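Participant:
Number of protein chains: 2
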Amino acid sequence: MEFFKVVSPEEAMASVRGFSPLPSEEVSAFDAIGRILAEDVRSPVDLPDFPRSTMDGFAVRAADTFGASESIPAYLDLVGHVPMGEAPSFGVGPGQAGRINTGGMIPEGADAVVMNEYTSTPDQATVEIRRPASVGEHVLAVGDDLKAGELILAGGARLRSQDIGAFSGVGIISLKVHRRPRVAILPTGDELIDPRETPRPGQVRDINRFSLAAAVIEAGGIPETEDILPDDLDTIKERLADAVERADAVLISGGSSMGVRDYTVEAIDSLGEPGVLIHGISIKPGKPTIIGRVRRGSVDKAVVGIPGHPVSALMIFHAFVRPILGQLSGKTSPEAALETGIPALLSRNLPSAPGREDLVRVKLERNGQGMIAHPLMGNSAMISTMTAADGFITVPLEQEGLKAGTEVRVTLF
Amino acid sequence: MEFFKVVSPEEAMASVRGFSPLPSEEVSAFDAIGRILAEDVRSPVDLPDFPRSTMDGFAVRAADTFGASESIPAYLDLVGHVPMGEAPSFGVGPGQAGRINTGGMIPEGADAVVMNEYTSTPDQATVEIRRPASVGEHVLAVGDDLKAGELILAGGARLRSQDIGAFSGVGIISLKVHRRPRVAILPTGDELIDPRETPRPGQVRDINRFSLAAAVIEAGGIPETEDILPDDLDTIKERLADAVERADAVLISGGSSMGVRDYTVEAIDSLGEPGVLIHGISIKPGKPTIIGRVRRGSVDKAVVGIPGHPVSALMIFHAFVRPILGQLSGKTSPEAALETGIPALLSRNLPSAPGREDLVRVKLERNGQGMIAHPLMGNSAMISTMTAADGFITVPLEQEGLKAGTEVRVTLF
């Protein structure tokens, strides 16, 4: 007796593709850290906009140093010292040199810098050069770092410290980033109470509302948690309809009971096209997952029915909700870390039913050779198996299990 | 002519060990995401505190199902349906069964649950069981998830979504976490201007103040940026003294000119013991790094003189400042990802001078076999080589370079 039509994880993934990036908003470059850039940004100026020294030393004409060596140094006339932050008041003619510090402006006529290490100043008016310089050596030419009009960063990139630095270097102090996805979280379950309350027999404190909200924050979204919904079709319909208008994605968690699962399906379908696309995935944990989409204007809102078991809830979040939030955030490519995971050797045989994808929590341990992944067993109702885990591995649908010693890739939490 | 005594990266690392975790503060579990737990947290209660079903099905006495099969099912009297969130009003005696949903409370007398899949109800008072249940099957016993007094999470852990979930499940709604490190950032350099301004000849827009502040945020700290300091010993001394009192760590960036490097050393030493420990590291980029410590009470404040080149500044932050902030944050172990990096194959030969550690920026590319790391060359004065990079690899001191095709580990930015 099957209660729903189970599809492959691949089919389920297909149902969470094609969400449009959210509109952009303008934020100060400083507040943009970790946000997703909404448009290509090009440099408005050349960086640097004057030739700069990259070393402490002497600005010279390279030709004057050709053949210079420890035994036969070149001697040049020291004609000045380039002040920092100003154009030098002197030029460097044939046979001349100017003292310069890192970042200083190369004087007119000079085309290279000789590092202090290869020089000495026998008197205040002379510099001894013990090594030849090539043209352009230790000089950052105009636009060497960034040329006016050159792409600094493409839209869809997650902004990191160096990007903020590059923008400040060319005078860009505000940026267009995609709005963060707002994710409504609707907990259901007549057995649930707020964690602050003391459970009566048969009651349990709500876990998923809090762990899912935290997971939304970790994924760069803004959680909007709601009070616990009763197992009642009309209430679920009404609150779901409201959440779909307000939020960019809706997670309806639980329904431990079969009744609520049916209500969730009916409620999602009542909100409009295309409605429920997936009801049941051949994945463990998380089989009774529901994935729906509801169109509002030209935009699809995701509505995901998250299984009630706390482990299932978070694993389904990682597998299907994170990719949705990534698309809404406008991210063009998943981060390399998430894509590939940490390589580790499996500590023991891991059986798995063929025809089902297993997401197995693991604890990582470092030994002499590298990382060892210890699978954590235990029921998906047990949140403690998640707090003990460093990440998870995926045993694909077609595989009957993995042998001890297999190299696996661990996706970190 | 050497301007400072260069030490190995290993010696430099030794100088940034032994910083004490900052004091703790109490925050709501919800605000604790990503923060570092300041004490071991044990469960105040058993979770669950009543035996629960982990499946939709029928609560039975396992003994009544022994030998049940498709061909010879067991027939039990259906005596009730367990309501969600309440203690069942009935017990399960020999030959009896009660309908139960996932999360429901196991009735007195029952010791197993048979999944719906292996049952049918020929009439309203009878349930047919087609598979034997073992004692405890599909039952979460009292304390199976967490026992009262059991450790949920050890101090020093970074709090993740599942941890927040586990705490809410046992009624813990506020947590002691380490205070975030406050990091003062003092930019120096007479050539620097605020990014909002238009540079005159010889002037450049400040990069490091912004990229370092962003890096502090990425590392979980709170940046306190200051106005650009002039290259003046008294001002540097005064502002540094002030920053050391106020902040947990101080980054004094730049001093492109040798003068400021000397001033920085003198200013750090003037603040008290132990003063400057490192002045120059055999690392590229970042050789002219200064590492000092200043004791205040029983606590050491880190004072790091960060090289002025924007690439050097961020790489030295990753190599030496992040570890300091990790210790101040109270983190007990580095995250697995940072420790091991993403495996990739080097796309081409990478020369490196022996006796120097090279931090080489790379761009990652996925091909059929896995990840390829393309080294990005270019001067450490060019921030654009950092915006193009996905991460970096380390070529150790003793190595003369790496051959194309070598497996490397990429630390992501």
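These protein sequences, in sequence, are chains A and B. As numbered in my numbering, residues 108 to 520 make up the first sequence, in order. As numbered in my numbering, residues 108 to 520 make up the second sequence, in order. C-beta atoms are modelled at their ideal positions from N, C-alpha and C, and glycine is treated no differently. None of these values were measured; they are calculated from a predicted model.
(1) Report the residue from A:Pro306, A:Pro381, A:Val167, A:Ile388 whose alpha carbon sits nearest the alpha carbon of A:Lys408.
(2) Write down every uninterrupted run of the beta strand (DSSP E) in the segment 122-152 of chain A whose length is 3 residues or greater and which is fully enclosed by it, in chain order.
(3) Once DSSP output is grouped into helix, strand and coil, what is the label at A:Asp376?
(4) For A:Asn486, return the contacting residues in chain B, with the cut-off set at a CB-CB distance below 7 Å.
(5) Which residues, taken in chain order from the segment 187-219 of chain A, show a beta carbon closer than 9 Å to some beta carbon of chain B?
(6) When burial is assigned at 16 or more other CB atoms within 10 Å of the CB, is A:Ile179 buried or exposed?
(7) Quick one: which residues of the segment 243-268 of chain A get their C-beta closer than 7 Å to a C-beta of chain B? List them in chain order.
(8) Beta-carbon of B:Gly327 versus every beta-carbon of chain A: anything under 7 Å?
(9) Around the C-beta of B:Glu464, are 16 or more other C-beta atoms found within 10 angstroms, so that it is buried, or is it exposed?
(10) Below 8 Å on the Cβ atoms is my contact criterion, and I expect B:Lys539 with B:Ala136 to pass it. Report the Cβ-Cβ distance as a whole number of Å.
(11) Would you say B:Phe317 faces chain A, with C-beta separation under 7 Å as the test?
(12) Should A:Arg303 be labelled buried (16 or more other beta-carbon atoms within 10 Å of its own) or exposed?
(13) Identify the continuous alpha helix (DSSP H) that holds B:Gln203 and give its terminal residues.
(14) Any beta-carbon of chain B closer than 7 Å to the one on A:Arg303?
(15) Please determine, among A:Val418, A:Ile431, A:Asp297, the residue with the shortest C-alpha to C-alpha distance to A:Asn486.
(16) For B:Ser363, which residues of its own chain have a beta-carbon under 6 Å away from its beta-carbon, when the five flanking residues on both sides are left out?
(17) On the criterion of 16 or more Cβ atoms from any shown chain inside 10 Å, does B:Ala291 qualify as buried, or is it exposed?
(18) Going along the chain, which residues of the segment 409-431 of chain A sit with their C-beta nearer than 7 Å to a C-beta in chain B?
(19) Identify the continuous alpha helix (DSSP H) that holds A:Phe317 and give its terminal residues.
(20) Look up A:Glu507 in the DSSP assignment and say whether it is helix, strand or coil.
(21) For B:Ser227, list the residues DSSP reports as bridge partners.
(22) Give me the chain B residues within the contact set of A:Asp270, using Cβ-Cβ distance strictly less than 7 Å, ordered along the chain.
(23) Give me the chain A residues within the contact set of B:Gln310, using Cβ-Cβ distance strictly less than 7 Å, ordered along the chain.
(24) Where do the ends of the beta strand (DSSP E) carrying A:Met484 lie?
(25) Anything in the segment 123-134 of chain A with a Cβ closer than 8 Å to a Cβ of chain B? List those residues in chain order, please.
(26) Taking the CB atoms as reference points, tell me whether B:Leu452 and B:Gly498 lie closer together than 7 Å.
(27) Taking only runs that begin and end inside the segment 254-323 of chain A, name each unbroken beta strand (DSSP E) of 3 or more residues, in chain order.
(28) Does any residue of chain B bring its CB to less than 7 Å from the CB of A:Gly276?
(29) Apart from the five residues just before and just after A:Val383, which ones in its own chain have a Cβ nearer than 8 Å to its Cβ?
(30) In three-state DSSP terms, what is B:Asp369?
(31) Quick check on the DSSP output: the beta strand (DSSP E) that includes B:Gly412 runs from which residue to which?
(32) Out of B:Leu347, B:Leu340, B:Lys391, B:Asp338, point me to the one whose CA is closest to B:Glu331's CA.
(33) Answer with buried or exposed for B:Glu298, where buried requires no fewer than 16 other C-beta atoms within 10 angstroms of its C-beta.
(34) Short of 7 Å in beta carbon distance, which residues of its chain neighbour A:Ile314, apart from the five on each side in sequence? Order them along the chain.
(35) I'd like to know whether the C-beta of A:Phe499 is nearer than 7 Å to at least one C-beta of chain B.
(36) Is it buried or exposed, A:Asn456, if we count other Cβ atoms within 10 angstroms and call 16 or more buried?
Facilitator: Let's see:
(1) Cα-wise, what sits closest to A:Lys408 is A:Pro381.
(2) Correct list: 131-135.
(3) Helix, per DSSP.
(4) By Cβ distance, chain B contributes Thr161, Leu247.
(5) Within the segment 187-219 of chain A, the qualifying residues are Val189, Pro190, Met191, Gly192, Glu193, Ala194, Pro195, Asn208, Thr209, Gly210, Gly211, Met212.
(6) A:Ile179 is exposed by the Cβ-count criterion.
(7) Residues passing the 7 Å Cβ filter: Leu247, Asp251, Asp252, Leu253, Ile259, Leu260, Arg267, Ser268.
(8) False, the Cβ-Cβ gap to chain A never drops below 7 Å.
(9) With 16 or more other Cβ atoms from the protein chains shown falling within 10 Å of its own Cβ, B:Glu464 counts as buried.
(10) One cannot answer for residue 539 of chain B here, as it falls past the ends of chain B, which runs 108 to 520.
(11) Contact with chain A is found for B:Phe317, since one of that chain's Cβ atoms lies less than 7 Å from the residue's Cβ.
(12) With fewer than 16 neighbouring CB atoms inside 10 Å of its own CB, A:Arg303 falls in the exposed class.
(13) Counted as a single uninterrupted DSSP element, the stretch harbouring B:Gln203 is not any alpha helix (DSSP H) but the beta strand (DSSP E) occupying residues 203-207.
(14) Interface annotation, A:Arg303: in contact with chain B, CB-CB separation under 7 Å.
(15) Comparing Cα-Cα distances from A:Asn486 to each of A:Val418, A:Ile431, A:Asp297, the minimum goes to A:Val418.
(16) Confidence is the limiting factor: at B:Ser363 the pLDDT is only 48, short of 50, which leaves the residue's position unreliable, though a coordinate-based value still follows. Excluding residues within five positions, the ones whose Cβ falls inside 6 Å are Gly296, Gly415.
(17) B:Ala291 should be labelled buried.
(18) Answer in chain order: Gly415, Pro417, Leu421.
(19) 315-325 is the span of the alpha helix (DSSP H), which, as asked, contains A:Phe317.
(20) The answer is coil: DSSP assigns A:Glu507 none of H, G, I, E or B.
(21) B:Glu235.
(22) Correct list: Thr494.
(23) Within chain A, the C-beta atoms nearer than 7 Å to that of B:Gln310 come from Gly192, in chain order.
(24) That residue, A:Met484, is in no beta strand (DSSP E); it is neither H nor E in DSSP.
(25) Residues: none.
(26) At least 7 Å separates the beta-carbon of B:Leu452 from that of B:Gly498.
(27) Within the segment 254-323 of chain A, the beta strand (DSSP E) runs of at least 3 residues that lie entirely inside it are, in chain order, 258-260, 281-285, 289-295.
(28) Among the CB atoms of chain B, one or more fall inside 7 Å of the CB of A:Gly276.
(29) Cβ contact annotation for A:Val383 (same chain, cutoff 8 Å, sequence separation greater than five): Val372, Ile375, Asp376, Ile397, Ile398, Gly399, in chain order.
(30) Secondary structure at B:Asp369: helix, using DSSP grouped into helix, strand and coil.
(31) B:Gly412: member of the beta strand (DSSP E) spanning 406-413, first to last residue.
(32) The shortest Cα separation from B:Glu331 among B:Leu347, B:Leu340, B:Lys391, B:Asp338 belongs to B:Leu347.
(33) Buried, by the Cβ-count rule.
(34) The residues are Pro417, Ile490.
(35) False, the Cβ-Cβ gap to chain B never drops below 7 Å.
(36) Exposed: under 16 other Cβ atoms inside 10 Å.
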